[in-house]
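Below is one structure; the comments refer to it alone.
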Amino acid sequence: MAPFLSKRDLNFQLFEVLSSADLPTRARFAGQSRADYEDILGLAYTVAERHFLPHAREADLNEPHVEGGKVRLVPGAQQAVKAFREAGFLSAHHDEELGGLQLPWVIMQAVMAHFQAANISTSGYPFLTIGNANLQREFASAEQQQKYMLPMLEGRWFGTMALSEPQAGSGLADITTSATPLGDGTYSVRGSKMWISGGEHELSENIVHLVLARVKGAPAGVKGISLFIVPRYRVNPDGSPGESNNVVLAGLNHKMGYRGTTNTLLNFGEGGDSIGELVGEAGRGLAYMFHMMNEARIGVGMGAVMLGYAGYLASLEYARERRQGRPATDRNPESQPVPIIGHADVRRLLLRQKTFVEGGLALGLYASSLVDDLTTGPEDRRSDTGLLLDLLTPIVKSWPSKYSQEALSDAIQVLGGAGYTRDYPVEQLYRDNRLNPIHEGTEGIQGNDLLGRKLTQAGGRGLEVLLGQIQADLAASEGLEGVSEIRAALTTALAQNGKAIHTILSKAPELGPDLFLANANSALEMLGHTVIGWMWLRQANAAVRALTNARASDTDFYRGKLHAARFFAVYELPKVKAHADLLAAADRTTFDMQEEWF
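Be aware that the sequence shown starts at 1, since it is given in UniProt numbering, and climbs by one per residue.
In structure tokens, the structure reads:
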């Protein structure tokens, strides 16, 4: 069985590129240590390897189905979430008074990376539950937290986010689910929600749905949306699950990937009232839900990275073992075929995968470290940290989703005909990841968010902070041997970014909103590739410094980092210019295409 995660790279990213070992100097993490973090990561690897990985293929081949009125999953899923719960991971980042360990968020995301790589489908259940509980911790009342959040942290109840509707999809302004006051502070929630992951199962005693709905008389559009807690089962006075809350499974969706995660159409209020409780203030539901959505966007990016990473490791192992062909200089037909990793084009495919997945991992963990900085970092920097995280979030979500798919395509190519069979994991990983460009907003949505909001937010301060951080790492690379290519390519890309962004923003008033956003995807691609180039510069800087006193067993690892950085500089960063040119020119090609011409 191929490895599903590189412990060595994860440690490098956390403790040599990032300064995660220094987090215990902050008051919230006092008493913790790098050794503690490594022990926790070791536990995550063990649980993922023993309980998540073994049923990943079985869950793909045996999708959730309804039997006797209940949704049935493969037995391994129940065993896996039980092991996850018993390891304490559902509450690990929460306060000690809530049963948590007060783990830094970056360590928690590194923990989750193990389960995403081993079995993305089953990891979805705790992933959603953690996000649901985090939102409640931020916005729900103390009574609601006691009633709904604590059972989730204990792993007895699981959670979902119920946003989309069949007729609205990502257009949340058009949702029609209603919430009618019942006179006792609760509401009757009625409507249908589509594509709800984890919406029905028997993995937990109860399921807590976070539902977007409109109170009667609320204004149209997003300003009229409120957020409600609607449990699958009503809650008895003693806190135990009670009678049905009339949340009815109308059907299961069957997707090309993530097949082990139930994906549902739910009818709220079918056969009686689905009683819900308002979270926070009426009309602020979307603002509250974005807390979970933005967290989920980073999580989706990390999930995409880990699927790509698992595929990379599988294809690397195959390339080292599979013998086929001979070097061009060997004309002897009786000589032994060589491992295919000896062929330059196979090494190209492997290098491309390596740069995409290790660059994406660096970005996901960096963004996660910013979440820690928002609450525990220097107070005078928190505003800038928030703006930087806002700016990076659409990139963190979309870039790995797209380029892990390219990596997985390359992994299939490395395996050749075997790559398309179920005898090897890469075809399933490819199907699983294909959902991530859609999850939590398409590339188009992320591009519009980046160009239409994030680049101009707070007068463009987020971009200033990003450029300042990149410039600081460029300055830190001066004089380091082995980083010249990535340094020069990133410097060029930065200049191209600056010119294109300045030009398109200056043209915005004359273009109008629709034409201004016509090339938002190019903004996403341009800045995304540049940010990944920055991540590779950071890794190269760390590798060069480490090589000075590296153990012999680590030398190849660091040299591999430097060579991958060079590959990204030579093969990938030149692509920035094409997107910068399209953006700066406000190219009208897609905008002017008429429906009748297709």
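Glycine residues also receive a C-beta, built at the ideal position from the N, C-alpha and C atoms.
Just so you know, these numbers come straight off a predicted model, no measurement behind them.
Between residue i and residue j, what straight-line distance do the alpha-carbon atoms span, to the nearest angstrom?
| i | j | result |
| --- | --- | --- |
| residue 227 | residue 210 | 7 Å |
| residue 196 | residue 331 | 58 Å |
| residue 42 | residue 7 | 9 Å |
| residue 119 | residue 98 | 28 Å |
| residue 597 | residue 360 | 38 Å |
| residue 122 | residue 74 | 10 Å |
| residue 116 | residue 250 | 28 Å |
| residue 224 | residue 274 | 20 Å |
| residue 298 | residue 208 | 22 Å |
| residue 54 | residue 76 | 8 Å |
| residue 257 | residue 106 | 27 Å |
| residue 335 | residue 321 | 17 Å |
| residue 496 | residue 593 | 27 Å |
| residue 530 | residue 315 | 27 Å |
| residue 409 | residue 430 | 7 Å |
| residue 242 | residue 157 | 13 Å |
| residue 192 | residue 72 | 22 Å |
| residue 402 | residue 436 | 8 Å |
Between the options, which lies nearest to residue i when the distance is taken from Cα to Cα?
| i | options | result |
| --- | --- | --- |
| residue 286 | 17, 322, 213 | 213 |
| residue 233 | 96, 532, 246 | 246 |
| residue 230 | 425, 178, 364 | 178 |
| residue 374 | 363, 158, 389, 365 | 389 |
| residue 452 | 512, 59, 397 | 512 |
| residue 434 | 443, 282, 405 | 405 |
| residue 525 | 504, 181, 583 | 583 |
| residue 283 | 472, 137, 173, 162 | 173 |
| residue 467 | 416, 200, 385, 422 | 385 |
| residue 396 | 414, 464, 369 | 369 |
| residue 426 | 277, 317, 289 | 317 |
| residue 471 | 37, 481, 488 | 488 |
| residue 133 | 148, 539, 262 | 148 |
| residue 561 | 549, 572, 539 | 539 |
| residue 469 | 11, 387, 146 | 387 |
| residue 69 | 5, 202, 382, 367 | 202 |
| residue 449 | 372, 294, 483, 503 | 294 |
Which class does residue i belong to by DSSP, given the choice of helix, strand or coil?
| i | result |
| --- | --- |
| residue 258 | coil |
| residue 270 | coil |
| residue 192 | strand |
| residue 498 | helix |
| residue 593 | coil |
| residue 104 | coil |
| residue 207 | strand |
| residue 19 | coil |
| residue 229 | strand |
| residue 187 | strand |
| residue 235 | strand |
| residue 250 | strand |
| residue 378 | coil |
| residue 480 | coil |
| residue 245 | coil |
| residue 370 | helix |
| residue 166 | coil |
| residue 26 | coil |
| residue 197 | strand |
| residue 339 | strand |
| residue 522 | helix |
Return the chain-ordered list of same chain residues with a C-beta closer than 8 Å to the C-beta of residue i, the five sequence neighbours on each side being excluded.
| i | result |
| --- | --- |
| residue 588 | 515, 518 |
| residue 167 | 174, 176 |
| residue 473 | 534, 537, 538, 541 |
| residue 485 | 565, 566, 569, 570 |
Name, in chain order, the residues that DSSP records as bridge partners for residue i.
| i | result |
| --- | --- |
| residue 383 | In DSSP, residue 383 forms no bridge with anything. |
| residue 70 | 67 |
| residue 160 | 209 |
| residue 635 | Only positions 1 to 598 of the chain appear in the structure, and residue 635 is not among them; the question remains open. |
| residue 96 | Answer is none; residue 96 lacks a bridge partner. |
| residue 276 | 187 |
| residue 263 | 197 |
| residue 323 | 339 |
Leaving out the 5 sequence neighbours to the left and right, which residues in its chain are closer than 6 Å to residue i when beta-carbon positions are compared?
| i | result |
| --- | --- |
| residue 567 | 351, 355 |
| residue 138 | 291 |
| residue 215 | 179, 226, 282 |
| residue 591 | 515, 518 |
| residue 400 | 301, 304, 305, 360 |
Who are the Cβ neighbours of residue i in its own chain at under 7 Å, not counting the five residues just before and after it?
| i | result |
| --- | --- |
| residue 347 | 341 |
| residue 276 | 179, 186, 187, 189, 211, 228, 229, 230 |
| residue 34 | 15, 21 |
| residue 110 | 10, 14, 41, 365 |
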